[in-house]
Amino acid sequence: MTATMSSLFKKMNIFLIAITLTLTLMSSSPLALAEDKRTQPAPYYSGPIIDFQTHAIKPNYANATTQHILASPAILGSASDDIVHRIIPGLADDLISPARLAALGKENVHVVSVNTFFPPLPAKALIAAATELNEWMAQRVKNQNRMIGFATIPSPPALAKQEAADGANYTQQGLAVLRHAITDLGLKGVLFASNFENVFLGDPCFRPFFALAAELKIPVLLHPAVQPVEQTFVNRKNIPAYTGYLDDQRTTLLDLIMAGTLENHPDLKLISTHLAGGVLTSLGRLRHLMGIWPEDPSYIDLAGRKRVLPNPIKYYFQKVYYDCNNADLEDLQLYSSVVGPDHLLTGTDFPWTNDTFSREVLGKVDRQLQDNPESVKVNWGTWAAVFFLAISFGPPIGLGVVTYASVIFPITNALGDASAITWATGSWGLASAVSFGLTGPLSDVFGRR
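Take 1 as the starting number for the sequence shown in the working numbering and just add one per residue.
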């Protein structure tokens with residue numbers, strides 16, 4: 001019996017050593033290195049996505065939206081045809097079309113919002129329309145745990161203008177629409193268009209809406225208005241679609257920052273889609289102009305006093321989260337260097353585009369991190385996670401060795417031969433080393449998502 005045990009332990013360890021040597025030689029052999037350097041397919045991220053920018057409209061608004069597009073002097077030719085025949089049906093799908101459900105997949109999460117553009121309407125009609133849209137959105141996402149509905153607000157400039165004309169308290173009614181959408185209907189955030197009736201978001205009429213969003217602790221999604229301000233002036237080659245929406249984004253974000261919105265509400269969560277129109281490429285210019293025109297970065301605080309922004313303009317841009325729709329690798333690198341990767345979010349702009357472009361870019365990011373691991377900056381939180389993981393990992397291994405030894409000694413003593421005890425304890429350690437050596441590379445291949 002004792003000779004059999006000793007022989008079994010020896011054979012087990014020889015087998016494990018052979019596996020270890022084979023794995024080591026395979027991983028460092030010229031053949032393995034050559035295989036690793038072969039042409040690889042284009043990188044593509046295939047894991048789950050939290051998509052902060054998907055859109056919809058209530059189906060009964062599809063016809064009015066179509067008529068607006070057809071009447072627009074700045075949306076021409078194939079762009080107009082594409083919007084009318086592809087985009088609008090995708091928006092008006094009641095959140096159940098095969099294309100939307102395919103984009104949602106089995107693991108993704110979609111933030112769904114309605115990018116409203118209201119024609120000139122009486123204030124009461126605007127309030128009723130926003131309420132209708134919010135109730136529809138809440139009903140459509142109610143049983144979809146991976147669809148997150150955002151609220152719609154009636155146009156604050158229109159409410160303020162009509163309020164001044166007839167004395168009714170329309171702004172308070174508009175605020176009640178937002179509060180009802182969040183507290184009663186269960187929507188999780190709100191979309192602000194980059195402009196409402198050509199008025200950017202730094203205008204005083206928006207202050208109570210930002211204040212309510214801060215009170216409710218909900219994120220505010222800033223999205224280009226359907227009709228950017230420059231659309232009226234540039235009506236050729238679909239230029240507003242190329243740059244007009246982006247210009248609106250950068251201008252409105254700067255406007256609301258210089259109006260003191262983030263100073264008055266420091267905990268307000270702003271998400272600016274489309275990388276805020278590339279505004280972070282202009283930080284030097286903004287800093288320079290504010291230096292020579294110091295009266296510009298002034299704002300009215302919550303007590304009604306005029307103050308100057310106490311922090312550099314970059315500080316406020318770093319508080320904002322940025323959706324990376326249609327951003328390429330170089331764009332992500334720039335923004336990550338300014339605001340950090342934790343302030344970059346994924347968005348596809350569905351149904352304008354699907355997630356193919358985003359996944360290709362994320363694949364490039366993943367590939368770059370693999371090829372240039374030294375470029376990854378590890379923050380203190382990651383180091384803390386590694387430390388506590390090590391603390392939690394060590395005791396089970398040590399405990400296994402201790403308990404194994406405490407059991408094997410009585411057994412071998414009872415059998416009358418303890419000469420092979422070293423093989424027993426050694427095989428435990430060697431088996432652990434081999435299994436961890438296999439698990440690590442396999443997790444790199446199959447676990448990177």
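The C-beta atom is built at its ideal place from N, Cα and C for all residues, glycine as well.
Residue i versus residue j - alpha carbon distance
i	j	result
S28	L442	Residue confidence is low: S28 scores 43 on pLDDT, short of 50, so the model does not pin down where it sits. No coordinate-derived value is stated.
T439	L430	14 Å
L222	E360	25 Å
T243	S435	54 Å
P120	Q139	27 Å
C205	G291	28 Å
G105	Q249	30 Å
E330	Y245	20 Å
P43	V365	9 Å
T356	H343	22 Å
V141	Q53	15 Å
I257	K306	15 Å
G47	T183	33 Å
L302	G347	33 Å
A79	T65	15 Å
N198	D371	46 Å
V109	S72	33 Å
Of the listed residues the options, nearest to residue i (C-alpha basis)
i	options	result
V339	L216, Q318, T348	Q318
A276	Y321, F118, I300, Y315	Y321
P341	D323, G174, L216	D323
Q368	S337, Q333, N264	Q333
L268	A181, D51, V220	V220
F196	A168, T261, P156, I257	P156
A521	T261, V226, N169	Any answer about residue 521 is impossible in this case: the structure gives the chain only from 1 up to 449.
K314	F150, T281, L216, G304	T281
Y316	H265, L345, L191, S72	H265
H180	L216, A193, A225	L216
P98	L256, S194, N354	N354
N145	A92, G186, I127, A129	G186
M451	E135, P294, L159, S113	The question about residue 451 has no answer, for the chain in this structure spans 1 to 449.
F118	V109, H110, V111, A129	A129
F336	V308, G278, L286, V386	Per the sequence shown, residue 336 should be read as Ser rather than Phe. Considering only alpha carbons, the answer is G278.
G149	L270, I57, H288	I57
P312	L159, L70, H288, G304	H288
Coarse secondary structure for residue i, derived from DSSP in three states
i	result
D51	strand
S432	helix
L178	helix
K314	helix
L185	coil
V109	strand
K217	coil
L70	helix
F233	coil
N195	strand
R146	coil
F117	coil
Y321	strand
E35	Summary for E35: the model assigns pLDDT 44, below 50, so the residue's position carries little reliability; its value from the coordinates is reported in the next sentence. It is helical.
T346	strand
S298	strand
R305	coil
L329	helix
A79	helix
V190	strand
A241	helix
T24	Summary for T24: the model assigns pLDDT 44, below 50, so the residue's position carries little reliability, and this model does not support an answer.
L222	strand
Burial state of residue i, where buried means 16 or more other Cβ atoms lie within 10 Å
i	result
S272	buried
F233	exposed
R449	Residue confidence is low: R449 scores 43 on pLDDT, short of 50, so the model does not pin down where it sits. Its coordinate-derived value is still stated next. Exposed: under 16 other Cβ atoms inside 10 Å.
D328	exposed
P351	buried
R207	buried
F200	buried
E107	exposed
N63	exposed
G189	buried
R100	buried
G284	exposed
Q162	buried
T252	buried
V111	buried
N169	exposed
E263	buried
S432	exposed
T39	No answer about T39 holds up, because its pLDDT of 49 lies below 50 and its placement is not dependable.
Cβ-heavy atom distance, residue i to the ligand ADP, below 6 Å
i	result
Y245	Only the bare structure without any ligand can be found here, which leaves the ligand ADP out of the picture.
Cβ of residue i within 7 Å of any chain B Cβ
i	result
L344	Reference to chain B is not applicable here, since this structure consists of a single protein chain.
Query raised in the report: Which runs of the beta strand (DSSP E) fall wholly inside the stretch 261 to 288 and span at least 3 residues, in chain order?
Result: The stretch 261 to 288 contains these whole beta strand (DSSP E) runs: 270 to 272.
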